[in-house]
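Participant: Protein chains in written order, with my numbering: chain A, 128 to 721; chain B, 128 to 721. Note that the Cβ used here is the ideal one computed from N, Cα and C, for glycine as well. Quick caveat, the model's predicted, so the values are computed rather than measured. So that we are looking at the same thing, I have put the structure below in C-alpha cells.
Number of protein chains: 2
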Amino acid sequence: MSVYRHPYKEADFVIRHLLAFDDFCRDNALDELNSDFFQVVLTEAEKFAAKYLVEQNRQGDLQPARLIAGKVVETPGFASSYRAFVEQGWSSLSASEQYGGQGLPNILSVACNEIWQSANLAFSLCPLLGQGAITAIERHGSRELKQQYLKKLISGEWTGTMNLTEAGAGSDLAAIKTRAVPEDDHYKIYGQKIFITWGDHQMSDNIIHLVLARLPDAPAGVKGLSLFVVPKYLLDEQGQPGIENDLRCISLEHKLGIHASPTCVMSYGDENGAIGYVIGENNYGLHYMFSMMNHARQGVGVQGLGVSERAYQVALEYAGNRVQGTDKAGNSIRIIEFGDVRRMLMLLKSATEAMRALCYYAGFETDKKNAAADNSELARQSAARIDFLTPIVKGWCTELTQELVSLAMQIHGGAGYIEEAGVAQLVRDARILTIYEGTTGIQALDLVKRKTLLDDGAQAGLLFAEIEQTLTQLEKSPGCEAMYHSLNTALADGRAALNWLQVNPTQSSCVAAYYLQLWGYLTGGWLMAKSQLIASTLLDNESSDSDYLQAKLVTAKFYAEHFLVRTNTCLASIEAGGDTMMSLSEQQFFSHVN
Amino acid sequence: MSVYRHPYKEADFVIRHLLAFDDFCRDNALDELNSDFFQVVLTEAEKFAAKYLVEQNRQGDLQPARLIAGKVVETPGFASSYRAFVEQGWSSLSASEQYGGQGLPNILSVACNEIWQSANLAFSLCPLLGQGAITAIERHGSRELKQQYLKKLISGEWTGTMNLTEAGAGSDLAAIKTRAVPEDDHYKIYGQKIFITWGDHQMSDNIIHLVLARLPDAPAGVKGLSLFVVPKYLLDEQGQPGIENDLRCISLEHKLGIHASPTCVMSYGDENGAIGYVIGENNYGLHYMFSMMNHARQGVGVQGLGVSERAYQVALEYAGNRVQGTDKAGNSIRIIEFGDVRRMLMLLKSATEAMRALCYYAGFETDKKNAAADNSELARQSAARIDFLTPIVKGWCTELTQELVSLAMQIHGGAGYIEEAGVAQLVRDARILTIYEGTTGIQALDLVKRKTLLDDGAQAGLLFAEIEQTLTQLEKSPGCEAMYHSLNTALADGRAALNWLQVNPTQSSCVAAYYLQLWGYLTGGWLMAKSQLIASTLLDNESSDSDYLQAKLVTAKFYAEHFLVRTNTCLASIEAGGDTMMSLSEQQFFSHVN
Numbered sequence: 128m129s130v131y132r133h134p135y136k137e138a139d140f141v142i143r144h145l146l147a148f149d150d151f152c153r154d155n156a157l158d159e160l161n162s163d164f165f166q167v168v169l170t171e172a173e174k175f176a177a178k179y180l181v182e183q184n185r186q187g188d189l190q191p192a193r194l195i196a197g198k199v200v201e202t203p204g205f206a207s208s209y210r211a212f213v214e215q216g217w218s219s220l221s222a223s224e225q226y227g228g229q230g231l232p233n234i235l236s237v238a239c240n241e242i243w244q245s246a247n248l249a250f251s252l253c254p255l256l257g258q259g260a261i262t263a264i265e266r267h268g269s270r271e272l273k274q275q276y277l278k279k280l281i282s283g284e285w286t287g288t289m290n291l292t293e294a295g296a297g298s299d300l301a302a303i304k305t306r307a308v309p310e311d312d313h314y315k316i317y318g319q320k321i322f323i324t325w326g327d328h329q330m331s332d333n334i335i336h337l338v339l340a341r342l343p344d345a346p347a348g349v350k351g352l353s354l355f356v357v358p359k360y361l362l363d364e365q366g367q368p369g370i371e372n373d374l375r376c377i378s379l380e381h382k383l384g385i386h387a388s389p390t391c392v393m394s395y396g397d398e399n400g401a402i403g404y405v406i407g408e409n410n411y412g413l414h415y416m417f418s419m420m421n422h423a424r425q426g427v428g429v430q431g432l433g434v435s436e437r438a439y440q441v442a443l444e445y446a447g448n449r450v451q452g453t454d455k456a457g458n459s460i461r462i463i464e465f466g467d468v469r470r471m472l473m474l475l476k477s478a479t480e481a482m483r484a485l486c487y488y489a490g491f492e493t494d495k496k497n498a499a500a501d502n503s504e505l506a507r508q509s510a511a512r513i514d515f516l517t518p519i520v521k522g523w524c525t526e527l528t529q530e531l532v533s534l535a536m537q538i539h540g541g542a543g544y545i546e547e548a549g550v551a552q553l554v555r556d557a558r559i560l561t562i563y564e565g566t567t568g569i570q571a572l573d574l575v576k577r578k579t580l581l582d583d584g585a586q587a588g589l590l591f592a593e594i595e596q597t598l599t600q601l602e603k604s605p606g607c608e609a610m611y612h613s614l615n616t617a618l619a620d621g622r623a624a625l626n627w628l629q630v631n632p633t634q635s636s637c638v639a640a641y642y643l644q645l646w647g648y649l650t651g652g653w654l655m656a657k658s659q660l661i662a663s664t665l666l667d668n669e670s671s672d673s674d675y676l677q678a679k680l681v682t683a684k685f686y687a688e689h690f691l692v693r694t695n696t697c698l699a700s701i702e703a704g705g706d707t708m709m710s711l712s713e714q715q716f717f718s719h720v721n
Numbered sequence: 128m129s130v131y132r133h134p135y136k137e138a139d140f141v142i143r144h145l146l147a148f149d150d151f152c153r154d155n156a157l158d159e160l161n162s163d164f165f166q167v168v169l170t171e172a173e174k175f176a177a178k179y180l181v182e183q184n185r186q187g188d189l190q191p192a193r194l195i196a197g198k199v200v201e202t203p204g205f206a207s208s209y210r211a212f213v214e215q216g217w218s219s220l221s222a223s224e225q226y227g228g229q230g231l232p233n234i235l236s237v238a239c240n241e242i243w244q245s246a247n248l249a250f251s252l253c254p255l256l257g258q259g260a261i262t263a264i265e266r267h268g269s270r271e272l273k274q275q276y277l278k279k280l281i282s283g284e285w286t287g288t289m290n291l292t293e294a295g296a297g298s299d300l301a302a303i304k305t306r307a308v309p310e311d312d313h314y315k316i317y318g319q320k321i322f323i324t325w326g327d328h329q330m331s332d333n334i335i336h337l338v339l340a341r342l343p344d345a346p347a348g349v350k351g352l353s354l355f356v357v358p359k360y361l362l363d364e365q366g367q368p369g370i371e372n373d374l375r376c377i378s379l380e381h382k383l384g385i386h387a388s389p390t391c392v393m394s395y396g397d398e399n400g401a402i403g404y405v406i407g408e409n410n411y412g413l414h415y416m417f418s419m420m421n422h423a424r425q426g427v428g429v430q431g432l433g434v435s436e437r438a439y440q441v442a443l444e445y446a447g448n449r450v451q452g453t454d455k456a457g458n459s460i461r462i463i464e465f466g467d468v469r470r471m472l473m474l475l476k477s478a479t480e481a482m483r484a485l486c487y488y489a490g491f492e493t494d495k496k497n498a499a500a501d502n503s504e505l506a507r508q509s510a511a512r513i514d515f516l517t518p519i520v521k522g523w524c525t526e527l528t529q530e531l532v533s534l535a536m537q538i539h540g541g542a543g544y545i546e547e548a549g550v551a552q553l554v555r556d557a558r559i560l561t562i563y564e565g566t567t568g569i570q571a572l573d574l575v576k577r578k579t580l581l582d583d584g585a586q587a588g589l590l591f592a593e594i595e596q597t598l599t600q601l602e603k604s605p606g607c608e609a610m611y612h613s614l615n616t617a618l619a620d621g622r623a624a625l626n627w628l629q630v631n632p633t634q635s636s637c638v639a640a641y642y643l644q645l646w647g648y649l650t651g652g653w654l655m656a657k658s659q660l661i662a663s664t665l666l667d668n669e670s671s672d673s674d675y676l677q678a679k680l681v682t683a684k685f686y687a688e689h690f691l692v693r694t695n696t697c698l699a700s701i702e703a704g705g706d707t708m709m710s711l712s713e714q715q716f717f718s719h720v721n
C-alpha cells in the first residue's frame, strides 16, 4: 500500500480559512498560537506517522495481538512506536498543563488524530481510549485520584481503557451486572467485561481501567452505576506500579479488522476481588461516562475521516498508475482517465473533504466553549452545538466511510480483493466504526430525541438559520449556482423533516437513521458551500495556490451534485413514516421459509 | 451461524405467479413440468445444501484451499460434497439431454443456484464456472470436442474453468499476451493467466480449462483472440484422463473472502507447451466468450441474491433472539422490536425479494427464448430483453448486496464484527461480486452504450411501456397508492434519464453507474408492484396463505417507500453530467498533499 501523505493544504484551509483560527487566537489572546504554528506541528506529526505507523499498519493486520500465558502481546514493533509516541509528546497535546499536558487547542488534537488514524487505526485506538480515562478522572475524580493517575496517563506512560459492555449489556447499560463492594478506602470489583479495546498489552508500565459497576445497594437500571478506577498494577507508596491487581484478559476476539488492536474479555475479581477506586459520587457513573461521550464519539467520526483519506490516496495512486486499454492512437490509457473511475475518485475526494470540514468544525466548538467564560451564553451555545453535531459526526462520517472504502476497493478491480493490495484491510478495519462507541442507530436516536425533539428543534433551527445566511451569500456568487440550488433544496428538505418529526414524534425511532443522514449531507454541504465561497474569494485576492483552490471549487460543486441531492431520498423515507416497517408480525418475517 | 432455510414460498410465488410458469409449460407442451414439480426439486436441493454445504461454508473460510507441492488441495470435506453433488445430478439440471443433461428449464437452475450460493458461495463457484465451459463447447465446439468433453463436464465428473485475465489485461482483454502456436492437430499454449477461479483442485478426475490466447498471425486487439480447450490431463485413446498437460497453478491469491475458492495464477507451457484445441474458428474467441457472458453475469447477480437471503436470515435470527433492554413493565425486549432494527430487517427483506423477482424474471427469459422458434420474432424479443437486463441483474443486485450484508452486520452490533458470528464472512465473500465477471463500471457501460444508445432506446422504451401498463393496474387497486406514486415517479425519472443520455451521449460513461442503479431500482420496483397486484388478487380469492401474501403487500410497499424513491437521486446525478467530475487536472487530485 502506498505511503500516506498528510493532506496539509486541506488541514490548513479548514483551520486557517473555514474556522478562521487566527481570529480566534487573537480574540482570545492566544498570542503564541496561529495556523502557521499548527502547520509546523502537523508536519512533525506526518513525519512521526511515516516513520512509525504507516508500515506497521499492515504488519498489525498480519500479526495480530496474541494472548500468551495470560498476557496480551501486541504486534511486534508496536511497543517501540508507542514509546516514541510518548517521548515525542504526542499523547499530551491538548491535555491540561496542570498535569503536564501541553494545553494546546482541541482542534490541533483532532487534526493530529486524523493523521494517526490514516496511518494506523488499530494503533491509534490505544491513545484515543486513554483520552477518555483522562477526561473522566480530570473532570470527576478526587484530588487524590488526579494526583495519582493524571500525570502518567497524560504523558502516555500509562494507558487507559473504558469498560462498559458486558455479554448481556451492550447498547443497554442498565443490564450491567459487574459488582463493586466497599472495603476500607476502596472497592472490590467482580465481573466480566467484553469488547475492551487495548484491555491488555505490554507497551506501557501500567494500564488504568475505568470500569462501570454496581454497588450492593444501588438502584436498578442506569441510575445505579458507578465508575471506578481499576489499575492493572496497584500503586505503591511512591505512586509507582506495584503488585498486580486481580484482573486479567481471559480471551481475545477474532475480528474482521483492526487485528492489531486487542479486543479483550476482561475478568475482574476472580480471586479476591479487583481493587478499584470510585470516581466522583456513587451511582453517577453513567453521567460521568456521558460527559466524555461527545469527545469519544467525535473521535470515531475522525477515524472515519482518517480511513477515508487513506482510502482516497490508495485509490488515487492505483488509478494513476494502472494501465488498461489503449486509445485510438495506440497509447496506453491509465484508468484515472475513465469517466467512471473519475466519478469514484471524486466521490472519495469530495466526501472526505466534507467530512473533514465537519469533524474540524465540530472539534473547534470545544475550543470555543473552553475559551468562553464558564456558564456564559457563549459557552452554552457552543455546548449545544457540540451536543447536536456529535451524533452527526459519528454516525454520518462513519457510514459514509463504508461507502468510500468500498469505492476505493472497486477502483482497484480484482487487485483490490487481494489482501496484499492493502485496500481490503481498510475495508475490514473501517467496518467497526459504525458499531463501537454507539451504533449508528444509537447516534440517530440521540440526534432525533435528545438533541432535536427535547429542545423543540431550537438547535436545529439555529443551524437552519446559519445555512440560510450562507445561501444568501451563495446567491450573489458567480459559479456557485449548482451549490446554491442543491443547498437550498437540502435546507428545505431538512426543515420539512423537522416539521414531520414534530408532528409525528412517536415515529421518530423508525425514521431516525434517515434524519441523521439528512443532517450529515446537509451540514457537510453547508461547510462545503462556505469553503467554496472562501476559495472563490481567495482566488480573487491571490494566485499563490490556485491549483488547490480551483480544485476546492470543483470538489464543492461535485459534492452538491452527488451528495447533497441525497437529502431528497432521506426526506421521502422519513415522510413514509414507520407504519409500513412496523406492520409485519414477527411470524411474517419468517413467512417465506415457514 | 444459523442454519439456512430455502425461502420456498418466495420461490414458488415468483415462479408460479409472477412468471406464470405453468402457463408457459402448457403453451409449450411441457406436460411433465409445472410449479409443483419445481417445488419438489427445490426441496431436495435444500436438503442437499443443508447436508453438505451449509456447515462447510465456515470451514472453507477457516481452512482455505492450499497449494501443496504444486497441487491445489481444497478445503477438507469439499471433495466428498462435490462428489455427492455430481452423483445426485445437480450439475446437469438444465444441460442438453443429448449429452446426458436433464434438459430442464433454466429457471430451475437459477432457483437451485440461489440455494447453493446462499449455502456456500465459494463451493458453488466451481459448478458455476463449469457451466461457462459447457456452453462454449456446446455452442461453438467441433463435433469431436463435444463428444470428448461435454458428457463428463455436464455430469460434473470433470470441472471447467475460464481463463481470460492476465496481469496486464483485466477489463481490457485486447492486451492478452498468451500465445497459441499450431502444431499437428492441436496448438501449443504459452502464457500466464491470473484470477483463475478453481483453476486447480483434487475434486474431479479432470479439469478442462478454456483459455483465451493469440495465434502467431492474429490481428492485434480483441479481434485476434482465439479460444482453446486445454485439459489438465490429456485424454487417452479411450477418452479417459491420461498424461498430465504442461500447465500448473503456480500460486494462490490471499483474498478478502471466498477463501475456499482457489484463485489461481495458472502457467501454461513452461516446459514443452500446453496442448490445446481450438474452439470454433480462429480469432473468434472473444465473440464466443461474449456468447456466454449473459449467463455468467446473471449467475453472479443470483449470487448476490443468494448471499443477501442468507444475510437476511442470519440477521433475522439474531434480532429475534438478542435481548437488549427492558420495557416499562420490566419485561425483556428483543432488538427485533426496535424501530431502527425493523427498518434494517425490512430493507433486507424487501431488497432481497426485489432482487429475486428480477433474477428469476431475467433467467426465465432464457427459457422463453429457447422455447421460441429459432430466429422468430419472439426469440429476438427475448434475446433483446435478456441483453438489456443482464447488466442490471449483475450490477444492481451485487451493489445492493453490499448494502444488505453490511446491514446484516449492523443488526448484530459488536457481535457481528467477531468472525465467529459468521456475518463477517458474508460481508467479505460478497465483496467480490461487484468485481468479477465485469465490474459494475463495465456493466454500466454495457447498459448505457450497447444496450441503450445503440438501439436508440428501443428496449428501454418497451420496458417503460410495460411499466406504464402496470401503473394503470395499480391506479385501480386499493392499497397500492404508495407503490403507484413511487413507481410513477421512478418511471418519469427513467424516461428523463434516457432523454438526457440521448441528448448527451458523449457524457454517458460518466453517468453510466447512476443509470444502471436507476434501472435496477425501477425494474425491481416494477416487479414488486406486479407482485403486490398478484398478492392482492390471491388474497381476494383464497385465504390459504394469508400470512405470506399479506407480508408481500407490506414488503412491496416498503420497497416503494425506501428503494424506489432512490431513482430521484440517480437522475439528479445523471443530469449533473460529467463536466464537474472530469474538470480536475490529474495534478489537482493530488493538490491537497503536494
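So A/S378 is in the alpha helix (DSSP H); what residue range does that whole segment cover?
Facilitator: The residue you call residue 378 of chain A lines up with position 251 of the first sequence. No alpha helix (DSSP H) contains A/S378, which is instead part of the beta strand (DSSP E) from 374-379.
Participant: Mind checking who A/G318 pairs with in its DSSP beta bridge?
Facilitator: For the purposes of this step, residue 318 of chain A is taken as residue 191 along the first sequence, with counting starting at 1. DSSP lists A/Y395 as partners of A/G318.
Participant: To the nearest angstrom, how far is the alpha carbon of B/W653 from that of A/G287?
Facilitator: For this step, residue 653 of chain B is matched to residue 526 along the second sequence. For this step, residue 287 of chain A is matched to residue 160 along the first sequence. So the alpha carbons of these two residues sit roughly 55 Å apart.
Participant: Under a three-way DSSP split, which group does B/E595 fall into?
Facilitator: Against the second sequence, residue 595 of chain B aligns to sequence position 468. In this structure, B/E595 counts as helix in the three-state DSSP scheme.
Participant: Would you mind stating whether B/D573 and A/G452 have Cβ atoms separated by less than 8 Å?
Facilitator: The residue you call residue 573 of chain B lines up with position 446 of the second sequence. The residue you call residue 452 of chain A lines up with position 325 of the first sequence. Cβ distance not < 8 Å, so B/D573 and A/G452 don't count as in contact.
Participant: Can you find a CB in chain A that lies within less than 8 Å of the CB of B/V575?
Facilitator: The count along the second sequence starts at 1 and reaches residue 575 of chain B at position 448. No - not a single Cβ of chain A is within 8 Å of the one on B/V575.
Participant: What are the start and end residues of the alpha helix (DSSP H) that includes B/Q166?
Facilitator: Position 39 of the second sequence, counting from 1, holds the residue named residue 166 of chain B. First-last of the alpha helix (DSSP H) with B/Q166: 162-175.
Participant: In chain A, what lies closer than 8 Å to B/R185 by C-beta?
Facilitator: The sequence position of residue 185 of chain B within the second sequence is 58, counting from 1. Per Cβ cutoff of 8 Å: no residues; B/R185 is ~12 Å from chain A at best.
Participant: May I ask you to list, following chain order, the residues of the stretch 688-715 of chain B that have a beta carbon less than 7 Å from some beta carbon of chain A?
Facilitator: Cβ contacts with chain A come from E688, H689, V692, R693, N695, T696, A699, S700, A703, G705, T707, M708, M709, S710, L711, E713, Q714, Q715.
Participant: Excluding the five sequence neighbours on either side, which residues of its own chain have a C-beta within less than 6 Å of the C-beta of A/L383, listed in chain order?
Facilitator: The residue given as residue 383 of chain A occupies position 256 in the first sequence. For A/L383, where only same-chain residues beyond five positions count, the Cβ hits under 6 Å are R555, R558.
Participant: In the stretch 287-306 of chain A, which residues sit with their C-beta less than 8 Å from some C-beta in chain B, listed in chain order?
Facilitator: Those would be T292, G295, G297, S298, D299, A301, A302, in chain order.
Participant: Taking only the alpha-carbon atoms, compute the straight-line gap between A/E702 and B/Q600 and give it to the nearest angstrom.
Facilitator: Along the first sequence, one-based indexing puts residue 702 of chain A at 575. Along the second sequence, one-based indexing puts residue 600 of chain B at 473. Cα-Cα distance, rounded: 25 Å.
Participant: What residue range is occupied by the uninterrupted alpha helix (DSSP H) comprising B/G428?
Facilitator: Counted from its first residue, the second sequence places residue 428 of chain B at position 301. Residues 420-448.
Participant: Listing by chain order, which chain A residues have their CB less than 9 Å from the CB of B/H133?
Facilitator: Within the second sequence, residue 133 of chain B is the residue found at index 6, counting from 1. By Cβ distance, chain A contributes V720.
Participant: Could you give the C-beta distance for A/T528 and A/L560, rounded to a whole number, given that I count them as a contact under 8 Å?
Facilitator: Numbered from its first residue, the first sequence carries residue 528 of chain A at position 401. Numbered from its first residue, the first sequence carries residue 560 of chain A at position 433. About 6 Å; that satisfies the 8 Å criterion.
Participant: Thinking just about the alpha-carbon of each residue, which of A/E546, A/V167, A/S251, A/T262 is nearest to the one in A/Y226?
Facilitator: Here residue 226 of chain A refers to the residue found at position 99 when the first sequence is read from its first residue. Closest by alpha carbon: A/T262.
Participant: Going by DSSP, which residues form a beta bridge with B/A730?
Facilitator: No information on residue 730 of chain B is available, as it lies outside the stretch 128 to 721 that chain B covers here.
Participant: Measuring CA to CA, which of A/E293, A/G297, A/L256 is closest to A/G723?
Facilitator: A question about residue 723 of chain A goes unanswered here, because the residues of chain A that appear run from 128 up to 721.
Participant: Only counting the same chain, and skipping five residues up and downstream in sequence, which positions put a Cβ closer than 6 Å to that of B/N421?
Facilitator: Within the second sequence, residue 421 of chain B is the residue found at index 294, counting from 1. Cβ neighbours of B/N421 beyond the five flanking positions: I513, T517.
Participant: Can you give me the start and stop residues for the alpha helix (DSSP H) that A/H736 sits inside?
Facilitator: This structure cannot settle anything about residue 736 of chain A, because the visible part of chain A is limited to 128 through 721.
Participant: In terms of alpha-carbon separation, which member of B/D149, B/G396, B/L169 lies closest to B/L160?
Facilitator: On the second sequence, residue 160 of chain B is found 33 positions in, with the first residue counted as 1. The residue with the shortest Cα to Cα distance from B/L160 is B/D149.
Participant: Quick one: measure Cβ to Cβ for A/Y131 and A/A176, integer angstroms, because I've assumed they're closer than 8 Å.
Facilitator: For the purposes of this step, residue 131 of chain A is taken as the residue at position 4 of the first sequence. For the purposes of this step, residue 176 of chain A is taken as the residue at position 49 of the first sequence. With 8 Å as the limit, A/Y131 and A/A176 qualify as a contact, their Cβ atoms being about 7 Å apart.
Participant: For chain A, is any of its Cβ atoms less than 8 Å away from the one on B/E546?
Facilitator: Within the second sequence, numbered from 1, the residue matching residue 546 of chain B stands at position 419. Closer than 8 Å to some Cβ of chain A, the Cβ of B/E546 qualifies, so yes.
Participant: Quick one: which chain B residues come within Cβ less than 7 Å of A/C253?
Facilitator: Numbered from its first residue, the first sequence carries residue 253 of chain A at position 126. Under the 7 Å cutoff, chain B gives no residues; its nearest Cβ is about 18 Å from A/C253.
Participant: Closer than 8 Å is the cut-off here; do at least three beta carbon pairs connect the stretch 621-634 of chain B with the stretch 480-500 of chain B?
Facilitator: As far as the Cβ criterion goes, the stretch 621-634 of chain B does not touch the stretch 480-500 of chain B, which means the pair count is below three.
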